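In full-length UniProt numbering, the protein residues as written are 1 to 403.
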């Protein structure tokens, strides 16, 4: 989330949008009703879109290690007005009892390329439809960084040797089906949905295994456990798309849950868009759009002046993925009520933005972007038509405030 917001804010030099109203937002939550929100992913879905206009596109892997390491690794590619592109690799490693293993790195990438040697047909199809050149894999720095999707869509190989203090070499193997919400996972912005002026897109692998290694300042650490993967595309300026974000990734022994929620600024009616997914064992139980993320208790952060959560209540409800006709009350439900005692990072998004841009952005409708990242033990209750299970696991969550 950090680089996504930073890259977008770095290209703003204007004022807040007019108030178009909620009718100018075409939420993915509503675009497919009354059908089941679940849609399977194809290779074309997993291709980088790489559109020729201003956008920020990311691949992000959230690792929950069996030895207590919590890691996110992200590649971000941005395009400014179709004139200038940049790429960045960021990685955060956290361990609650091993401070020597904790590290944050951010590395500019050179010679970034989107590739897809396994499937030329899908690359050409995306290129024709979107106006860019695209594929499902990427590399940079003469192959020192590579993210390669297997031909059968079952695993990613993520290799990074671009930073002297951190190297990564892992296989992320999908344990259950990935998903998008409704036709394409995309919320559209604009008065005419056939010609939108902005978009927000998310695709998920909610539960995967990870095997490999990470090297931190020459110390090699074997990495195994679970991973949640998300691919995202923000096709507009971040403070125009959303004022607030909530993100949650829960990984337990057999159950996982993911939730992504954003609230638009008043220009689009302060509308909430919340999507998620639930898994059990090797099965994607449900893709959900009737979800809530509530900051049930908050405290004022003196530095940022945002009221940040100290307790988080998450609720998912939906229908089994194989239930094509939706009727009656939801038969899948999950709840997490967590105390956010462990704040692992408070990120001042503006801190790395040039002073000139910082002054411009600060004057735009009270824009004060901060990201609060938490990692805490939590318990999930999952109800399905087969019964109810309760499981303890690890909850990684973010609360992002932009304006």
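For every residue, glycine included, the Cβ atom is placed at its ideal position computed from N, Cα and C. Note that this is a predicted model, so its numbers are computed, not measured.
Boundaries (first-last residue) of the alpha helix (DSSP H) holding residue i
i, result
"residue 69", "Where residue 69 is concerned, there is no enclosing alpha helix (DSSP H), given that its DSSP letter is neither H nor E."
"residue 29", "28 to 31"
"residue 241", "238 to 241"
Range of the contiguous beta strand (DSSP E) that encloses residue i
i, result
"residue 286", "283 to 288"
"residue 382", "370 to 384"
"residue 309", "307 to 318"
"residue 163", "155 to 163"
"residue 138", "137 to 140"
"residue 262", "255 to 263"
"residue 321", "It is not in any beta strand (DSSP E) - residue 321 carries neither H nor E in the DSSP assignment."
"residue 249", "244 to 251"
"residue 414", "With the chain running from 1 to 403 in the structure shown, residue 414 is simply not present."
"residue 222", "219 to 234"
"residue 389", "387 to 401"
"residue 297", "292 to 300"
"residue 176", "It is not in any beta strand (DSSP E) - residue 176 carries neither H nor E in the DSSP assignment."
"residue 333", "332 to 339"
"residue 151", "Run containing residue 151: none; DSSP gives neither H nor E here."
Contact set for residue i: own chain, Cβ-Cβ below 7 Å, skip 5 residues either direction
i, result
"residue 225", "63, 64, 65, 66 and 210"
"residue 20", "191, 267 and 268"
"residue 149", "46, 136, 137 and 156"
Proximal residues to residue i (C-beta, below 6 Å), its chain only, five neighbours per side dropped
i, result
"residue 248", "259, 314 and 397"
"residue 11", "The pLDDT assigned to residue 11 is 44, lower than 50, so where the model puts this residue is not dependable, and the model offers no usable value."
"residue 17", "240 and 267"
"residue 346", "372"
"residue 146", "139 and 159"
"residue 205", "174, 178 and 229"
"residue 207", "175, 176, 256 and 279"
"residue 339", "311"
Nonlocal neighbours in the same chain, by C-beta distance under 8 Å from residue i, ignoring five residues either side
i, result
"residue 281", "176 and 254"
"residue 391", "252, 253, 254, 255, 379, 380 and 382"
"residue 131", "Because the pLDDT of residue 131 is 41, which lies under 50, any placement of that residue in the model is unreliable, and the question is left without a value."
Selection from the options that minimises the alpha carbon distance to residue i
i, options, result
"residue 341", "261, 222 and 297", "297"
"residue 76", "18, 137, 95 and 301", "137"
"residue 93", "110, 246, 311 and 102", "102"
"residue 84", "299, 274, 51 and 97", "51"
"residue 100", "221, 229 and 402", "221"
"residue 28", "370, 301, 245 and 274", "274"
"residue 113", "374, 301, 349 and 88", "88"
"residue 289", "23, 395, 30 and 327", "30"
Any non-hydrogen atom of the ligand GTP within 7 Å of residue i CB
i, result
"residue 258", "The model on display carries no ligand, and the ligand GTP is accordingly not part of it."
Any chain D beta carbon closer than 8 Å to residue i
i, result
"residue 333", "No chain D is present in this structure, which holds just one protein chain."
If you pair each beta-carbon of the segment 32 to 39 with each one of the segment 317 to 327, do three or more pairs fall below 8 Å?
yes
| query | Between the segment 170 to 186 and the segment 196 to 203, do three or more beta carbon pairs fall short of 8 Å? | reply | yes
| At least three beta-carbon pairs within less than 8 Å, the segment 155 to 170 to the segment 211 to 222 | yes
| message | Measuring CB atoms only, is the segment 295 to 311 touching the segment 270 to 281, in the sense that at least three cross pairs come out at less than 8 Å? | response | no
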